[in-house]
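Everything below concerns the one structure shown next.
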Amino acid sequence: MIDTVTGPVAQPFAAQLKALIDLEGRYQPKLSGLRFIESAQDNGLRMTSRLRELEIQPKHLPCVGLCCFYIAVKSTEEEKNVPLANDLIRISQNRFTVSDMMRMEKIIMEKLYWKVKAPTALRFLRVFHSHVLEQLDAESMKILSLERLEAQLKACHCSFVFSKIKPSLLALALLCFEAHDEHDPEYLDKISEALSNLQQQLNIKDGDLVCMRELVGKCLAEYATTKCCRPNVQRLRWTISGRTARQLKHSYYKITHLPTIPESAC
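This is the structure:
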């Protein structure tokens with residue numbers, strides 16, 4: 018059974034933060050496994066960090082992405098609001114079958130030990146962003162764009178190195194990088210004070226935060242270059258009317274199953 022996320026409850030920031038921090042430690046990936054991937058030789062026999070970033074099974078990525086969305090919906094929405102897997106495949110026009118999707122969902126859930134309420138860097142980023150904005154004036158608020166911060170977080174998640182970083186530290190580092198390195202210093206004092214208070218609440222050392230901020234800056238600089246191999250993101254074409262639905266192709270019914278991803282060599 019999926020370990021679902023409870024509905025939104027108005028809690029003081031300190032209580033929210035404590036709950037997230039308590040959960041964070043339980044869901045951290047094992048460093049031994051991450052180091053094993055880092056040290057693996059790029060000989061085609063094992064998953065390496067390079068393969069993860071550049072050559073991950075492209076034909077399976079749409080299935081993985083849609084399954085993650087499906088799992089998220091099932092864990093947060095009422096059952097009546099959960100769309101059918103068949104409909105999700107059709108409106109996204111992905112080329113795999115329902116059985117492929119169900120098989121991928123089982124693989125993902127097994128990897129997560131059927132627990133899906135782990136506090137992610139995105140969750141921390143949104144909580145931190147909301148808390149910091151409460152302490153700023155209208156002009157200072159404009160500096161920290163949540164949309165821009167979320168885009169930067171996506172870029173960081175493309176790099177294997179951030180797999181070893183606590184989500185709370187990564188989220189705070191992104192906020193600090195955006196505030197200190199990208200904007201007019203006129204508003205820096207107010208934002209710096211708010212971020213400093215947040216750092217103290219998280220009990221994060223100055224050295225750790227500085228190193229992480231530099232790592233974030235390096236990652237975003239590399240991601241912005243033309244040499245960076247970005248993921249090939251295909252925009253989903255969602256159904257918006259009955260007429261559109263009738264025009265959608267139904268060829269996915271004839272698509273052969275996705276090949277099984279071999280895991281014995283990992």
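Under our numbering, the first residue of the sequence shown carries the number 18, and numbering increases by one thereafter.
Positions of the beta carbon are idealized from the N, C-alpha and C atoms, including for glycine.
Source: prediction; values computed, not measured.
Could you have a look at residue i and say whether DSSP puts it in helix, strand or coil?
i	result
Lys134	coil
Leu186	helix
Val233	helix
Leu192	helix
Cys228	helix
Ser176	coil
Glu153	What sits at residue 153 in the sequence shown is Leu, not Glu. Three-state DSSP puts Leu153 in coil, outside helix and strand.
Thr277	coil
Phe145	helix
Could you pull out every residue in the same chain whose Cβ sits closer than 7 Å to the Cβ of residue i, ignoring the five residues on either side in sequence?
i	result
Leu105	Leu83 and Tyr87
Ser213	none
Phe30	His148
Take residue i as the anchor and find which of the options has the nearest alpha-carbon.
i	options	result
Pro184	Gln217, Phe30, Ala32 and Arg43	Arg43
Leu161	Cys173, His148 and Lys171	His148
Ser176	Cys193, Asn220, Thr93 and Tyr240	Tyr240
Ala32	Leu101, Leu219, Gln152 and Cys80	Leu219
Ala168	Lys159, Leu237 and Asp206	Leu237
Ala211	Leu40, Glu151, Leu34 and Thr137	Glu151
Ser92	Gln28, Ile208, Lys134 and Val144	Lys134
Kindly indicate if chain D contains any beta-carbon less than 8 Å away from that of residue i.
i	result
Leu78	Looking at the structure shown, chain D is missing, and only one protein chain is on hand.
Using C-beta distances below 6 Å, list every residue in its chain close to residue i, excluding the 5 sequence neighbours before and after it, in chain order.
i	result
Met229	Leu186 and Ala190
Glu122	Cys84
Could you tell me how far apart the beta carbons of residue i and residue j are, in whole angstroms, since I believe they sit closer than 8 Å?
i	j	result
Phe113	Ala188	About 33 Å; that fails the 8 Å criterion.
Leu192	Leu166	7 Å
Among residues of its own chain, excluding the 5 on either side of residue i, which ones have a beta-carbon nearer than 8 Å to its beta-carbon?
i	result
Ala155	none
Asn103	Val115
Asn111	Pro79, Cys80, Leu83 and Tyr269
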